[in-house]
Amino acid sequence: MILGIINAVKCYHVTSSLESYSRKSFDGCKNLHEEFVRTNTATWENAKACFETFPYDFEIANETINTLKGLFGGFYSFLNQAKEEPKPGFTFKPIDLLDEFDKLLKKKYEKEFDFWHDVASIIFSLRDAHVGIINLCYDAFIFDQRLSLYSAVIDGKQIIKVFNDIEDPTNVDCQVTEIDGDPALDVIVEFARDKIRTSRDLGVRFNNALASLTLEGGVIKLDSLSRQFSLRSRLPPTPTISYALECPGNVKKNFTRQWFVSDPRSVRKNFTDSASYRKALCTRPSDNKKGSTISSVSYEDKIFELELSEGNLTVDAHIARFYTLQDFGVVVISTEDISSYNISLINDTLIKLNDGFQDFARKGIKKVVLDLTNNKGGELIVSEYILVLLFPDITPSFPADQRLTDLNELAISTASDNSSTAVNSKFSMRLRLLAENKKVFTSVQKFFGSNCFTRGGVHGRYSTKYFYDIESIARRNKARVQQGTDPVPLNWTRDNLIILTNGACGSACATITQILVEKKEIKTVAVGGLLSQPQLSYSSFPGGVIFTSDQLLHELNQIGLNRSTNSLIPDNFPQLILTSMSIDEFYSSTLDNVVLEFFPRPSDYRLYYDEQSMRDPSKLWIQAANLIGKDS
72 MILGIINAVK CYHVTSSLES YSRKSFDGCK NLHEEFVRTN TATWENAKAC
122 FETFPYDFEI ANETINTLKG LFGGFYSFLN QAKEEPKPGF TFKPIDLLDE
172 FDKLLKKKYE KEFDFWHDVA SIIFSLRDAH VGIINLCYDA FIFDQRLSLY
222 SAVIDGKQII KVFNDIEDPT NVDCQVTEID GDPALDVIVE FARDKIRTSR
272 DLGVRFNNAL ASLTLEGGVI KLDSLSRQFS LRSRLPPTPT ISYALECPGN
322 VKKNFTRQWF VSDPRSVRKN FTDSASYRKA LCTRPSDNKK GSTISSVSYE
372 DKIFELELSE GNLTVDAHIA RFYTLQDFGV VVISTEDISS YNISLINDTL
422 IKLNDGFQDF ARKGIKKVVL DLTNNKGGEL IVSEYILVLL FPDITPSFPA
472 DQRLTDLNEL AISTASDNSS TAVNSKFSMR LRLLAENKKV FTSVQKFFGS
522 NCFTRGGVHG RYSTKYFYDI ESIARRNKAR VQQGTDPVPL NWTRDNLIIL
572 TNGACGSACA TITQILVEKK EIKTVAVGGL LSQPQLSYSS FPGGVIFTSD
622 QLLHELNQIG LNRSTNSLIP DNFPQLILTS MSIDEFYSST LDNVVLEFFP
672 RPSDYRLYYD EQSMRDPSKL WIQAANLIGK DS
């Protein structure tokens, strides 16, 4: 286990005192602030000038890499398997993460921004949506072209079209023939291949590069993981993008669109020049070593009231909508995090989820489409509740384990000790049940077990397999919701149920879909992706339970483990940096020792978007319903 880097000779160190920024005649961050104040937006040039103000500091880089290696080396579940070549159906480059981190310290940089760009690129190359990293110094803003694109397959040909355009609505539904002088489709595919991290399946990443709708926060809107080509959180490489369009009536258009820089976190209030920018957004305060001030940011998207050509909304369960069409029903499901809901809304959500399925059953609906399109997951409690509603006999989760390291074993042992002051720590074995019998672990030694696997050429230890103790919560919620009622049995099977996704169905969503496929043989249909790619996954990044770096370090500190008490514990980042990772991994319930994260899940059937189905999902629902029972 590599937990640190011996301090190297600081021959590349460049002073980074705050005073040096304020003495410069040209102050990029000052210009950026003033532009935000004047116009409420900013230009790519001023954002880049601000980012490039700060010289590379080897000491900061060294501390950053130390922390990354400590966290990923100690806890990332897929560290070794990420070194393996992808299985057919996946497109990514194998990576030795710790070695790539080491290589960065051997490079010569002039600007810190270039170092950070390389750090983020390494993290993103894992193609793991659960692994992310933010440095508020360089990731505070959103870069928006104020237009969105989509892919349509028309007359057997895949083309790129304009979904919406705030600057010029007359461009909507025009075909994009070229982007920066190259064929538009090729440009989007290249971007999806190299720049998007949200799936190991290139077809899913292609979908995420383009616009599509989702149910999120109780409303239909543009998905927050979609249109990544024209809405970015990292500084784009060029200040503009040029487009060539062909519009109805054989009208040809050419225009160049700049990047509009927005400030969704309102950080402009915290700086006026480079010195104050550095202090407020880049440097972690010495008295704030336990946690960062970074929070997730949501980008306000246009809300769409669906104009369905067919279908009636029967039940709105906040995170699910129930529709009836022709002779079948549709459930649009989001497994998003509901922890921010108040107790009353959570209870209402659970009740209406039950009501929706019961309403279908009482109406005698024989066929059901489960639409989990554009669903990035969030709550296993939600996914397991839905599964036990549909199939009471099911085990609604997959067995898991953890990659064992010196650091991880120390955390688990300490948190599982009866004398610990933090017996409810997320590191504790008490949160988990033996996979073989769903009973509590009687000792830490039983939890550690004796499993060894070779992954990525590394022979390593892995814990005994377990389930998280969530199923009991799901079943209690179901019993509470149905108490005093006379529920109708839900008798849908593989003969009258189908799953529809665009592959962007991850985490808790992947749990629903893959459980139904493995345990109930439910068929799947995936929409979109590349016409030239024969398969498209129906789910992505099943992963495991996710921690941020702040959560990991906080949990360690809660059980008395910190840098001052044990040298194994990573120090926090020197800057306002937040990273995330899976700390455990899920296994197939039917395939021996197959880790779901690296096992492609091609759909049984395939559909493609067109101009109508992009905005009217009932078109896809009807096509999906027609596939139910097709090969039964």
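Going by this note's numbering, the sequence shown wraps up at 703, each residue one higher than the last. Even for Gly, the Cβ is constructed at its ideal location relative to N, Cα and C. Because the structure is a prediction, the values reported are computed rather than measured.
query                                                                                                                        : result
Member of Lys228, Thr162 and Ile166 whose CA lies at the smallest distance from the CA of Leu150                             : Ile166
Runs of alpha helix (DSSP H) wholly within the region 488–519 (minimum 4 residues, chain order)                              : 515–519
Inter-residue Cα distance where the pair is Gln299 and Glu376                                                                : 23 Å
Whether Thr406 touches Gly145 by CB criterion (7 Å)                                                                          : no
Secondary structure, alpha helix (DSSP H): runs of 4+ residues fully inside the region 562–626                               : 579–591
Glu130 versus Arg268: straight-line alpha-carbon distance, rounded                                                           : 29 Å
Given Asp170 as reference, the closest of Asp199, Lys140, Asp189 and Ser192 once Cα atoms are compared                       : Lys140
8 Å contact criterion, which Ser380 and Asp687 should meet: CB distance rounded                                              : 6 Å
Proximity to Leu460 [Cα-Cα], best of Asn548, Leu220, Thr138 and Gln646                                                       : Asn548
Outcome for Arg677 when other beta-carbon atoms lying within 10 angstroms are tallied against a minimum of 16                : buried
Among Val453, Ile422 and Ala346, the one whose alpha carbon lies nearest that of Gly555                                      : Ile422
Beta-carbon spacing of Met500, Ser484 below 7 Å                                                                              : no
Residue interval of the alpha helix (DSSP H) (run including Ile417)                                                          : Ile414 to Arg433
Assigned exposure category for Gly528 - 16 Cβ within 10 Å defines buried                                                     : exposed
Residue nearest to Lys266 in terms of C-alpha spacing, selected from Ser313, Ala200 and Val247                               : Ala200
Thr138 beta carbon less than 7 Å from that of Ser333                                                                         : no
Close Cβ partners of Glu626 (< 7 Å) along its chain, the five nearest in sequence each way excluded                          : Ser496, Lys497 and Phe498
Local Cβ density within 10 Å of Ser594, reported as buried at 16 or more and exposed below that                              : The sequence shown places Lys at residue 594, rather than the Ser named in the question. Buried: at least 16 other Cβ atoms inside 10 Å.
Beta-carbon contacts of Gly252 that lie in its chain and below 6 Å, excluding the five residues immediately before and after : none
Closest by C-alpha distance to Ala575, when choosing among Asp566, Gly274, Tyr348 and Asp189                                 : Gly274
When Leu302, Asn697 and Gly600 are compared against Val224, the one with the closest alpha-carbon                            : Gly600
Sub-7 Å separation of Ser219 and Ser301 beta-carbons                                                                         : yes
Span of the beta strand (DSSP E), counted from its first residue to its last, around Cys523                                  : Asn522 to Arg526
Outcome for Ser410 when other beta-carbon atoms lying within 10 angstroms are tallied against a minimum of 16                : exposed
Length of the line joining the Cα atoms of Glu249 and Ile231                                                                 : 9 Å
Rounded C-alpha distance that separates Gly448 from Gly320                                                                   : 42 Å
Cβ pair Arg328, Ile312 closer than 7 Å                                                                                       : yes
Reference Leu698; option with closest CA among Val596, Asp464, Thr619 and Asn522                                             : Val596
Residue of Val247, Asp98 and Thr162 minimising C-alpha distance to Thr343                                                    : Asp98
Cβ contact (3+ pairs, closer than 8 Å) linking the region 647–663 and the region 202–210                                     : yes
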